[in-house]
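Chemist: Right, I'll just put the structure down here and ask away after.
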Amino acid sequence: MNHSTNNTLKELRVKYIPPGHGSITSSYVASAKGTLVRDVEGREFIDFTSGIGVMNVGHSHPKVVAAIKDQAEKFTHTCFMVMPYEPVVTLAEKLCAATPGAFPKTVLFINSGAEAVENAVKIARYYTKRPAVIAFENGYHGRTLLTMSLTSKVKPYKFGFGPFAPEVYRMPFAYCYRCPFGLSYPGCDVICADYLKEFFISHVAAEKTAAVIAEPITGEGGFITPPPEYFPKLIKICRDNGILFIGDEIQTGMGRTGRMFAMEHWNVEPDLMTVAKSLAAGMPLSAVVGRKEIMEVVHPFGLGGTYGGNPIACRAGLAVMEIFEEENLLQAAEALGKNLRKRFDAFQKEYELIGEVRGMGPMLALELVKDRETKEPATDEAKALVKFCYENGLIILACGNFGNIIRALMPLVITDEQLDRGLAIMEEGLASLSK
Ligand SMILES: Cc1ncc(COP(=O)(O)O)c(C=O)c1O
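Structure follows, in structure tokens:
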């Protein structure tokens, strides 16, 4: 029996947890199932966050739970670097088949998204023997020294934490709603991709650049979705210059956009890909999936870590793969995406506050603006909407450099009834803000 209340836990938290590790809500979770989360006081919430894009197969999916229990009873850890085991190898095989590109690939398993990005950069530098990495404005890649340096937004991610890692350069991204070049698509001819060539002159030489790293759709950066020509153009410039392209699919991957990996929408194949979040349904597991000829250059024991490819996490990952196959989750994601787009488009027609609806599949966001002409970010309104939703039983997150973008990251297994209920709360919130 749990006698804790949100307030008693808050008291303990204030005493023992640093404020730097904040939480969006003040409820403490007791249990979660599918799309529903219940707090220690019995209050139920519809979850439109999936724990920031982690629970694509839903909370505590029975297959994931069974795999975790079964593996815990067998063994929990030997360290892959000491004595390897089957789940790492079989999950690697599945991931290689599921990621874009028919070429031979191998997989390195580590623990977090940031660690995957760190390793992708290590491998790219080793392979190319070049130091520089080009990242993007509005990009997010994590909170470790290197990944924080690759991340764009200053507050709260970077402020006070410098100096940053060297040899990181940052280009504008294909943010059509607020074009950094002041142009509009398609008349712009997607020069934001061609700009990479100029970047080699004014910022860093191509022959010193190991990799360009980009999210297909920016996650924390506001679901910015480049036009169809963008990645093919960008990657061609990379290839012409011997630069590797790293696709950071940590938030967009594992079915989030209606495809297993978002880069499929652009029909491009990254040289290295980072995968984490929904890979193992909440177990800490991440991966670098890459072209075999690139991955295999690193000397034995040059990569790894104590927990990398933990057996329980890999069994959870195998269960996730099984769920995608057996429960047709990609089709469900596509249908969810269509439904959600229709509903969000209708919101935009009704509420002036919504400047743009964007994203792909069910990875959709609303950019809130005070005025559709000036596009002044409606940061306070986004905050108020998140608060309204929470108070009325829906957890949802804001994102973007101005915090004015509301993003949908619900589990892909959400039922129509749960979706309707969640959207009704959102709409009530939008209506109350539009008075
Ligand atoms: C695109 C992307 N890359 C990297 C990361 C970092 O992952 P982690 O928080 O697991 O280190 C995130 C996390 O939100 C992300 O969205």
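Taking the working numbering, the leading residue of the sequence shown gets -17, the next gets one more, and so forth. Where is the CB? At the ideal position from N, CA and C, for every residue including glycine. Computed from a prediction, not measured in an experiment: that's the story for all the values here.
1) Which value, in whole angstroms, describes the spacing of the CA atoms of Met(-17) and Leu376?
2) Could you check whether the Cβ of Ala262 sits closer than 6 Å to any heavy atom belonging to ligand 1?
3) Can you pull the DSSP bridge partners for Pro198?
4) Once you ignore the five residues that flank Pro66 on each side, which residues in its own chain have a CB closer than 6 Å to its CB?
5) Using a threshold of 7 Å, state whether the C-beta atoms of Ala364 and Ile388 are closer than that.
6) With DSSP collapsed to three states, give me the class of Ala156.
7) If I follow the unbroken beta strand (DSSP E) through Phe227, where does it start and stop?
8) Can you determine whether any heavy atom of ligand 1 sits closer than 6 Å to the C-beta of Ser32, and answer yes or no?
9) Taking all protein chains shown into account, do 16 or more other C-beta atoms lie within 10 angstroms of the C-beta of Ile(-1), making it buried, or fewer, making it exposed?
10) Using the three-state DSSP reduction, which class does Lys365 fall into: helix, strand or coil?
11) Strictly by DSSP, which residues pair up with Val46?
12) I want to check one thing, is the minimum distance from the CB of Tyr122 to the heavy atoms of ligand 1 below 6 Å?
13) From Ala106 to Ala196, what distance separates their C-alpha atoms?
14) Using CA atoms only, rank isn't needed, just tell me which of Cys78, Glu409, Phe143 and Val395 is closest to Thr31.
15) Any heavy atom of ligand 1 inside 6 Å of the beta-carbon of Ala258?
16) Given a cut-off of 7 Å on the beta-carbon distance, is the pair Val339 and Leu348 in contact?
17) According to DSSP, is Leu322 part of a helix, a strand, or is it coil?
18) Could you give the uninterrupted runs of the beta strand (DSSP E) lying entirely in the stretch 255 to 328, keeping only those of 3 residues or more?
19) Can you round the beta-carbon distance between Ser134 and Arg160 to whole angstroms, since I take them to be within the 8 Å contact cut?
20) Under 6 Å Cβ to Cβ from Ala156, same chain only, skipping five residues before and after it: list those, please.
21) Could you pull out every unbroken alpha helix (DSSP H) segment of at least 4 residues lying fully inside the stretch 89 to 145, listed in chain order?
22) Alpha carbon to alpha carbon, what distance is there between Gly272 and Leu420?
23) Compute the beta-carbon to beta-carbon distance between Thr(-13) and Glu23, rounded to the nearest angstrom, for a pair I have assumed lies under 8 Å.
24) Which value, in whole angstroms, describes the spacing of the CA atoms of Ser166 and Arg354?
25) Compare the beta carbon distance of Pro266 and Met37 with 7 Å and say whether it is the shorter of the two.
26) Comparing C-alpha positions only, which one of Gly284, Asn120 and Cys61 sits nearest to Val136?
27) Just to confirm my understanding: we take Leu312, look at its own chain, exclude 5 residues before and 5 after, and list those with CB closer than 8 Å. What are they?
28) Taking DSSP as the reference, what is the three-state secondary structure of Cys371?
Modeler: The relevant details are as follows:
1) Summary for Met(-17): the model assigns pLDDT 45, below 50, so the residue's position carries little reliability; its value from the coordinates is reported in the next sentence. Spanning the two alpha carbons is a distance of roughly 26 Å.
2) no
3) None; Pro198 has no bridge partner.
4) Answer for Pro66: no residue qualifies.
5) Taking 7 Å as the Cβ cut-off, Ala364 and Ile388 qualify as a contacting pair.
6) coil
7) That run of the beta strand (DSSP E) goes Leu226 to Asp230.
8) no
9) It counts as exposed.
10) helix
11) Answer is none; Val46 lacks a bridge partner.
12) yes
13) 14 Å
14) Val395
15) yes
16) yes
17) helix
18) 268 to 273
19) Incorrect: roughly 14 Å between the Cβ atoms, too far for contact.
20) Cys174, Pro208 and Tyr212
21) 95 to 110 and 127 to 132
22) This structure does not reach residue 420, given that the chain is present from -17 up to 417, and the question cannot be answered.
23) 6 Å
24) 16 Å
25) Contact flag unset, no.
26) Asn120
27) Gly237, Gly240, Arg241, Met242 and Phe306
28) Helix at Cys371.
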